[in-house]
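Take the working numbering: the last position of the sequence shown gets the number 1063, and nothing is skipped along the way.
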Amino acid sequence: AVGLQVIDHARAMLAALEQIQSAADAAKGLSGGSIRLASFPVVLQAVLPPLLRRFRQRHPGIDVVTLEASDEEVEALLAAGTIDVGTVVNPSPQRNASPLGRDPWLAVVPAGHRLARPGRRGVVALAELAAEPFILATGGCEATALGIITGAGLDLADVRARVRDWSSGFALVREGVGVTLVPELTLPVDRRGLQVLRLAEPVHRAFGLVASESGARSRAVQALFDLLQE
């Protein structure tokens, strides 16, 4: 009953707050416009939504149009100036990326696999994993398990399958076809039939937002980067 009494006042307060923010944006030249943002799926689904929600609350007059793409496609779109901002994997310091986060690479093996026996405490060496029948999943990303393994001076002894979709890779692991190495954010909610192991020497994947040449001149993009830095 109390809520019913105050709800109209609350709506009026929220409307006034939005008007205040709009006036502040107008003073900064941010009264309207849009940001074209491209990202590979896992970051678009798991990392960006809270950020974009806060950005919309702060700058309701700016529309953010999102596009799902592989990391190679994101790079091509940035180079062509087709988008204002893109998510880049392991960006170099020269690119002035605004960090979004990072996640560790984890081994995934079939439940009951010898590498997952209790005495090993959920840890596996990269060399042990590379020696197993392997499912190479990419998720449409250039930063793959193959790069991690070859970067450590190792070779994949027996690649049983190459798949683009993470879920296909997990399905093959469940069936005992092989093991795989994936970033943590890609792990499925339903892990029945799977065992997740940490690497003995952890390896991480970083990702951040990079502006295109035209995007770097946009006040709206700068406002998004300012929010990230907070």
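Using N, Cα and C, we set each Cβ at its ideal position, and we do this for glycine too.
Among Arg1025, Ala960, Leu910, Met846, whose alpha-carbon lies nearest the alpha-carbon of Gly986?
Mapped onto the sequence shown, residue 986 falls at position 153. Taking the Cα of Gly986 as reference, the smallest distance to any Cα among Arg1025, Ala960, Leu910, Met846 is reached at Ala960.
Residue range of the beta strand (DSSP E) that includes Phe888
Sequence index remark: in the sequence shown, residue 888 carries index 55 (1-based). Per DSSP, Phe888 belongs to no beta strand (DSSP E); it is in the alpha helix (DSSP H), 881 to 891.
Would you say Leu989 and Leu1005 are within 8 Å of each other, going by their C-beta atoms?
The sequence position of residue 989 within the sequence shown is 156, counting from 1. The sequence position of residue 1005 within the sequence shown is 172, counting from 1. Between Leu989 and Leu1005, the C-beta gap is not smaller than 8 Å, which leaves the two residues out of contact.
Which residue spans inside the stretch 924 to 986 form an unbroken beta strand (DSSP E) run of at least 3?
Taking only runs of at least 3 residues, the beta strand (DSSP E) segments lying wholly in the stretch 924 to 986 are 931 to 943, 966 to 970.
Buried versus exposed, by CB contacts within 10 Å (16 or more), Val1015
Taking the sequence shown and counting its residues from 1, the one referred to as residue 1015 is at position 182. When all chains shown are included, Val1015 counts as buried.
Extent of the continuous beta strand (DSSP E) run through Ser867
As a working note, residue 867 is residue 34 in the sequence shown. Looking at the DSSP string, the run of the beta strand (DSSP E) that includes Ser867 is 867 to 872.
Runs of alpha helix (DSSP H) lying entirely within the stretch 997 to 1028, each at least 4 residues, in chain order:
Correct list: 999 to 1007.
On the DSSP letters alone, give me the boundaries of the alpha helix (DSSP H) that Val898 sits inside.
As a first step, residue 898 is located in the sequence shown; it is residue number 65 there, counting from the start. Careful: Val898 lies outside any alpha helix (DSSP H), inside the beta strand (DSSP E) at 896 to 901.
Among the candidates Arg1050, Leu962, Ser1000, Trp999, whose CA atom is the shortest distance from the CA of Thr983?
Within the sequence shown, the letter at position 150 stands for residue 983. Considering only alpha carbons, the answer is Leu962.
List the whole-angstrom C-beta distance separating Glu1017 from Leu939, where the pair is believed to meet the contact cut-off of C-beta under 8 Å.
By 1-based counting over the sequence shown, the position of residue 1017 is 184. By 1-based counting over the sequence shown, the position of residue 939 is 106. About 6 Å separates the two Cβ atoms, so the contact holds.
Between Thr971 and the rest of its own chain, which residues show a CB-CB distance below 7 Å, the 5 nearest in sequence each way excluded?
As a working mapping, residue 971 is identified with position 138 in the sequence shown. Apart from sequence neighbours up to five positions away, the residues of its chain that approach Thr971 with a beta-carbon distance below 7 Å are Thr977, Arg997, ordered along the chain.
Label Leu1042 either buried or exposed according to how many other C-beta atoms from any shown protein chain fall within 10 Å of its C-beta, with 16 as the threshold for buried.
Locating residue 1042 in the sequence shown gives position 209, counting from the first residue. With 16 or more other Cβ atoms inside 10 Å of its own Cβ, Leu1042 counts as buried.
Which residue comes first and which comes last in the alpha helix (DSSP H) that contains Leu1060?
Taking the first residue of the sequence shown as position 1, residue 1060 is located at position 227. Segment 1052 to 1062, the alpha helix (DSSP H) holding Leu1060.
Buried or exposed (CB count within 10 angstroms, at least 16 for buried), Val835:
In the sequence shown, the residue the question calls residue 835 occupies position 2. Exposed: under 16 other Cβ atoms inside 10 Å.
Residue range of the beta strand (DSSP E) that includes Val921:
Position 88 of the sequence shown holds residue 921. It spans 918 to 922 - the beta strand (DSSP E) in which Val921 sits, taken as one unbroken run.
For Thr1013 and Gly1002, which I take to be in contact (beta-carbon distance under 8 Å), what is that distance rounded to the nearest angstrom?
For the purposes of this step, residue 1013 is taken as residue 180 along the sequence shown, with counting starting at 1. For the purposes of this step, residue 1002 is taken as residue 169 along the sequence shown, with counting starting at 1. Contact between Thr1013 and Gly1002 holds: their C-beta atoms lie close to 5 Å from each other, under 8 Å.
Close beta carbons around Ala879, own chain, < 6 Å, minus the five adjacent residues each side:
The sequence position of residue 879 within the sequence shown is 46, counting from 1. Here the set comprises Leu1018.
Backbone secondary structure at Gly914 - three-state DSSP:
Translated into the one-based positions of the sequence shown, residue 914 becomes position 81. Residue state, collapsed to three classes: coil.
Less than 7 Å separating the Cβ of Leu1005 from some heavy atom of the ligand ADP?
This structure lacks the ligand ADP; in fact it carries no ligand of any kind.
So who's on the other strand from Asp988, going by DSSP bridges?
Here the question's residue 988 lines up with position 155 in the sequence shown. DSSP links Asp988 through a beta bridge to no other residue.
Under 8 Å between C-beta atoms of Val1010 and Pro966
What you label residue 1010 is simply residue 177 of the sequence shown in a count that begins at 1. What you label residue 966 is simply residue 133 of the sequence shown in a count that begins at 1. Contact: yes.
Spatial neighbours of Ile895 within its chain, please: CB distance less than 6 Å, with the 5 preceding and 5 following residues excluded, ordered by chain position.
The residue you call residue 895 lines up with position 62 of the sequence shown. The residues are Gly866, Ala1053.
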